Every structure is written in C-alpha cells, then in structure tokens.
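Chains as they are written, first to last, in our numbering: chain A, 757 to 1013; chain B, 757 to 1013.
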C-alpha cells in the first residue's frame, strides 16, 4: 500500500497545481462518480484508491495503486476525501476540431474566475446538450480541482476548449455558422422575445462573462446580439451558473420545437 | 473605534452561530450591496464598518460603529472581509402570512444542506419573481453566513419561510390554490410538455430536494405532479441551483404569456 511519500503519490500531487498539470498533460479526478465517467471515456492513466473504497466493475487495464488514508487525503482537494483519485489525460481540443463536429449549442466563458461557477456551467451545458464548452483566456483553469468537482464528470462528455482567446473562439464559431449571443444584464433583446420570435432555434454560441464584472464591452460588441435575461423580481442580477442554466435550457427547448 | 474585544463586537460575533441568531432574533449581513438592501428594507438594527469603507447615502437612524480591521474580520465569514457588516432582524414570516399575499410562484427547499446552493436558489427565485421561498425542516439555516452571501440581498425581497415542516408548507400552499410540483430527475411529466400544454401558467409551488439524495419519496408523493427536467446530454443530473433556475424561469415565462 502506497503512503504519502511514495514516488507515485508525490508525482500525482503535483497535479493539484496548474503548472504541474500543464507540464505532465494530466489532471486529477476524484470520487467514484466522476472517475467512472473518466474510465468510460478512456481518459484514466493511473488510479489511486483506498482499500475501503473498492473500485470494480469497470474495464481498465492501467495501474491501480492501493493507498492509505493519508495518501488519499494528500491527493484530495476536498474536506472529505472520497478515497478514489484518477490521473487523467487533459481532455481539451482546439476550437476548430470541436466546431467541425457541428455543435448546435455551445458556451464560451469569458474571464470567469470562480471555479464552482465554471464547473457548474460545464455540467449544465452538458445536461442541456451543448457540444462545446470553451474557457476563454483569463478564465479559471478547467482542470482546477474545484472546477472538476463541480462539473461532476462533464469534462468527458463535451468538447472542451481552453487557453484560446475569447475573440478567437467567437470568430471560429461564427465562421462555423453559429449565432453568437452575449448573455448580459442590459442586452437590447429580451430572452423571451428572442425565443418567441423563433430566433433561438439556430445553432448558437452563448458568451457568458465574469461573475462580478460581466462581459468586457469589447467582447460583447463582437457578438451578434446582446440578450437580456428578464429580472421579474427585485434581485439585481442572476448568479452566473443560474444565468447559464436559463439561457442554455431556453435554447435547448427552442432547438427541439 | 471599536476593536475585537469590544462588547458590541463580541455580541455581534455570536450571530455567526445559529443558536446565537435564534436567541437574539438577529443575523449578520455583509458587504455594501447586501447591506444596502437590508437598509432599504428597514431591517438593520446596528451597523459596523471600517473607516476605509465609508458608508453613506442611505437613511438610517440606528447606531453605526466604526471598527478596526481585526474587528471587521472577526464579524466576517469570508476570506476577504468587505468592511461593512449589518446586524439585521430575522426576516421570516409564517407560511400563512406569505400565502395570504397570493404569490404566483413559490419555492420549497426540502432537506437542502448546501448553503451556497440554497442562497443561490433564493436569489434566483427573487429574480424569477417568486413571492415565497420556504426552507423546510432539515434544510440549512437561511441566516447562515454563506446562504446570506449567496442570496445577495434577496432575503429582503421575498417572503421567507423557515423552521416549518415541508409537508406543512405543501399543505398550506395547496389550500391557498397553488399547484404543487416536485422537480425530480425521474418525474412522470416532462417540463417542456407541461409548458407546451399550458399547465405551468397556474400559480405554482416548486419543491426541490437535497443536492445528493433528491426529494424524499414520501414528500414527492404529496405533490400534485413530479416534473422531470430534460437531460439532453450525458450529465447524470443538474446541480440544484441550475435545476431551480430552469423550472422557475420556465414557470415565470409561462405565467406571463
């Protein structure tokens, strides 16, 4: 059983830092549910688990290391380690590759810094049937432990794009025939009006900005339209993940009518 | 300037614990935006701020205490204290009082334990125009610091109900003429079908369950219908706050058509 000072554990721990992930081309996925998705996607390169957390029923030919609780905790980024951590290959693709698959629904996060929000948007985009989720330059690293945890396995379900400037993603999406819509608090078009007019049935890239600052104006001006989510009550705005859920599910419904 | 050992600061610190809040009938609200909403609602009983955080432009006749940074940090539950903390009167009302105002849209959280999720649902419900948000028995305390932070002032915008058993809220809502819908992963009715059939235009109470376990079956069986949010992609489910955003905005749109 490996302990916290074993060379394999020490090497895997480096993946809790962005620099370590980029150098190795690997990231960590924790917990039985997310690890199952990683295994199904063929992304797992190495698996660590505690004896208490039997891991079986999946086809996986790579190394499985039994670790003690301290080593499992050292590889975990949560308060309650779940006893299973997989080392996985980074999953992102260039935007052109993702767009060549003709996604009907896509999301671009621009300068989104909160990892929980970013991971929830990725999970929600997956649920809404989006084919592409891009983390534009200046956004949190999609392989950050909190993003991975919030996304609950969706890294392996959609085409993930990262480390590409937001305006380059917008340009490529438009060239691929997608309508590019900025979700903003003060857009000129109302979401429900866009929906009622049938304009959300087209293939769409939704662009979402930072939790506090919103979309940079120069980026919003590059979108085809700025769309406002209605605020019926007295809240000043929606949380980013809630806004993403509203626009993505409105598009998903419109595209299936 | 008050320091961390001042009697007022020591007394206010007790409000970071549930027992202290219940004993005093008070809770803490932090940050300029949320405190502005509390002031507008007339809920503030005492205000603490640092000299760096000038607080002006609002009508407030109660005590304002200047505090040093350490005292501000002691009253804060965040990593980056914002320098303004208000002691506010608890804001909840009995369900009968809230229902007498005839809300068209309402939410009940059943055994929801994650404070960030709960606060985000409250904020989203406010944005969607809901008039009532109930935290059923077994849910996180709505006055918990993380809930308050995530709700961003919405405690003062909707009728908040708490410490009431979930089935009692369901009973009272139905008696007041609301349709009671459980949002579940496996409901018999699809959300889009309900919407297309015009059934979401009625006054509605949405019942949402725990992040991991979902709704207790005995509670789901007390609802008029169990409604399934479609999963178009490969995610297993939606995060609770995202699910709330989808159902509440679908209802809000249906009620305004």
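Each residue gets a CB set at the ideal place from its N, CA and C atoms; glycine is no exception.
Being a predicted model, the structure only gives us computed values, none of them experimental.
Sub-8 Å separation of residue i and residue j beta-carbons
| i | j | result |
| --- | --- | --- |
| residue 792 of chain B | residue 818 of chain B | no |
| residue 916 of chain A | residue 889 of chain A | yes |
| residue 821 of chain B | residue 777 of chain B | no |
| residue 1004 of chain B | residue 908 of chain B | no |
| residue 843 of chain B | residue 786 of chain B | no |
| residue 938 of chain A | residue 1009 of chain A | no |
| residue 808 of chain A | residue 839 of chain A | yes |
| residue 845 of chain A | residue 799 of chain A | yes |
| residue 865 of chain B | residue 928 of chain B | no |
| residue 831 of chain A | residue 816 of chain A | no |
| residue 970 of chain B | residue 940 of chain B | yes |
| residue 782 of chain A | residue 771 of chain A | yes |
| residue 892 of chain A | residue 850 of chain A | no |
| residue 966 of chain A | residue 868 of chain A | yes |
| residue 1011 of chain A | residue 957 of chain A | yes |
| residue 768 of chain A | residue 784 of chain A | yes |
| residue 827 of chain B | residue 895 of chain B | no |
| residue 1013 of chain A | residue 897 of chain A | no |
Residues sharing a beta bridge with residue i, DSSP
| i | result |
| --- | --- |
| residue 979 of chain B | Answer by DSSP bridge pairing: none, since residue 979 of chain B is not bridged. |
| residue 806 of chain B | Bridge partners of residue 806 of chain B: none, in fact. |
| residue 1020 of chain B | Residue 1020 of chain B lies beyond the residue range present for chain B, which begins at 757 and ends at 1013; the question has no answer from this structure. |
| residue 840 of chain A | A:805 |
| residue 936 of chain A | A:961 |
| residue 946 of chain B | B:984 |
| residue 848 of chain B | B:916 |
| residue 1004 of chain A | Per DSSP, none; premise fails for residue 1004 of chain A. |
| residue 758 of chain A | A:823 |
Residue-level contact to chain A via CB, residue i, 8 Å cutoff
| i | result |
| --- | --- |
| residue 816 of chain B | no |
| residue 1002 of chain B | yes |
| residue 795 of chain B | no |
| residue 836 of chain B | no |
| residue 900 of chain B | no |
| residue 960 of chain B | no |
| residue 990 of chain B | yes |
| residue 798 of chain B | no |
| residue 1009 of chain B | yes |
| residue 946 of chain B | no |
| residue 908 of chain B | yes |
| residue 913 of chain B | yes |
| residue 923 of chain B | no |
| residue 965 of chain B | no |
| residue 787 of chain B | no |
| residue 998 of chain B | yes |
| residue 885 of chain B | yes |
| residue 820 of chain B | no |
Expected contact under 8 Å - CB spacing of residue i and residue j to nearest Å
| i | j | result |
| --- | --- | --- |
| residue 886 of chain B | residue 863 of chain B | 6 Å |
| residue 904 of chain A | residue 875 of chain A | 7 Å |
| residue 918 of chain B | residue 848 of chain B | 5 Å |
| residue 997 of chain B | residue 985 of chain B | Actually they are not in contact, since the Cβ atoms of residue 997 of chain B and residue 985 of chain B sit about 13 Å apart, beyond 8 Å. |
| residue 1002 of chain A | residue 979 of chain A | Not quite, the Cβ-Cβ distance comes to about 17 Å (not below 8 Å), so this is no contact. |
| residue 913 of chain B | residue 931 of chain A | At roughly 43 Å, the Cβ-Cβ gap does not stay under 8 Å, so residue 913 of chain B and residue 931 of chain A are not in contact. |
| residue 906 of chain A | residue 872 of chain A | 5 Å |
| residue 950 of chain A | residue 901 of chain A | Wrong, their Cβ atoms sit about 36 Å apart, outside the cutoff. |
| residue 989 of chain B | residue 959 of chain B | Wrong, their Cβ atoms sit about 32 Å apart, outside the cutoff. |
Chain B within 8 Å of residue i, Cβ atoms only
| i | result |
| --- | --- |
| residue 879 of chain A | yes |
| residue 995 of chain A | yes |
| residue 869 of chain A | no |
| residue 806 of chain A | no |
| residue 772 of chain A | no |
| residue 882 of chain A | yes |
| residue 874 of chain A | no |
| residue 926 of chain A | no |
For this session: Report the residue ranges of all alpha helix (DSSP H) runs contained in full by the region 854-924 of chain A; include only those spanning at least 4 residues, in chain order.
Result: Qualifying alpha helix (DSSP H) stretches, in chain order: 871-883 and 901-907.
Exercise. Which whole runs of the beta strand (DSSP E) in the region 766-836 of chain A are 3 residues long or more, in chain order?
Worked result: DSSP runs (the beta strand (DSSP E)) wholly in the region 766-836 of chain A: 782-786, 800-805 and 820-822.
For this session: Could you run through the region 929-943 of chain B and flag, in chain order, every residue whose CB is less than 9 Å away from some CB of chain C?
Result: The question asks about chain C, but that chain is absent: this structure's protein chains are A and B.
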